[in-house]
Amino acid sequence: MAQNDMEVILYKILKYLYESLKAGHKTALKEIAWQCELFDITHDYWLVIMRELIDSGYITGLKYICAKDMEGIQELHAPAITKAGREYLQENSLMQKVKNILGESFKITLGGVIGKL
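My numbering applies: residue 2 is where the sequence shown begins, and numbers increase by one.
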């Protein structure tokens, strides 16, 4: 599984939001944007991933906007993981596979972004 596979990016975003919640870290859209410390992907690919997370009800605080000439993500308030997002992160077998693939190096990177792990 490649570092830019959709499942890997989904896992990284959800894990960031979940660990931030537990650590009391105030989340920000820029920390999960297309070019951030956790991953570096294209803007269009990131929009597809974010739309899926929002439409699936896995995250809150963000709104997907699509107009005639524009597509984007609006930050309504600090992004947060939902109960459905936590369940998906913990119970989905593919998410568990990604967790094992990423290992300790991702935990270290995540700790640097959040500041306390």
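In this text, a Cβ means the ideal position worked out from N, Cα and C, and glycines have one as well. Computed from a predicted model, the values in this text were never measured in an experiment.
Subject >> Among Thr28, Ile42 and Ala24, the one whose alpha carbon lies nearest that of Ile10 >> reply: Ile42
Original post:
Quick check: the stretch 89-103 against the stretch 44-51, are there 3 or more CB pairs under 8 Å?
Top reply: no
**OP:** Would you give the residue range spanned by the beta strand (DSSP E) that Leu77 belongs to?
**Re:** Glu72 to Ile82
**OP:** Return the bridge partner residues of Tyr17 from the DSSP annotation.
**Re:** Paired residues: none, contrary to the question.
Original post:
How many Å lie between Phe107 and Ala29 at the Cα?
Top reply: 19 Å
**OP:** Go ahead and label Leu77 buried or exposed: buried means 16 or more other beta carbons lie within 10 angstroms of its beta carbon, across all protein chains shown.
**Re:** exposed
Original post:
Three or more beta-carbon pairs under 8 Å between the stretch 81-88 and the stretch 96-107, yes or no?
Top reply: no
Subject >> C-beta neighbour in chain C for Ala85, strict 8 Å >> reply: The chain inventory of the structure shown lacks chain C, comprising one protein chain alone.
**OP:** Along the beta strand (DSSP E) that carries Ile50, what are the first and last residues, could you check?
**Re:** That residue, Ile50, is in no beta strand (DSSP E); its alpha helix (DSSP H) goes His44 to Asp56.
Original post:
Between which two residues does the beta strand (DSSP E) containing Thr28 stretch?
Top reply: From DSSP, Thr28 is part of no beta strand (DSSP E); its letter is neither H nor E.
Original post:
What residues in its chain sit with their C-beta under 8 Å from that of Met96, if we drop five residues either side in the sequence?
Top reply: Glu8, Leu11, Tyr12, Leu15, Tyr89 and Leu90
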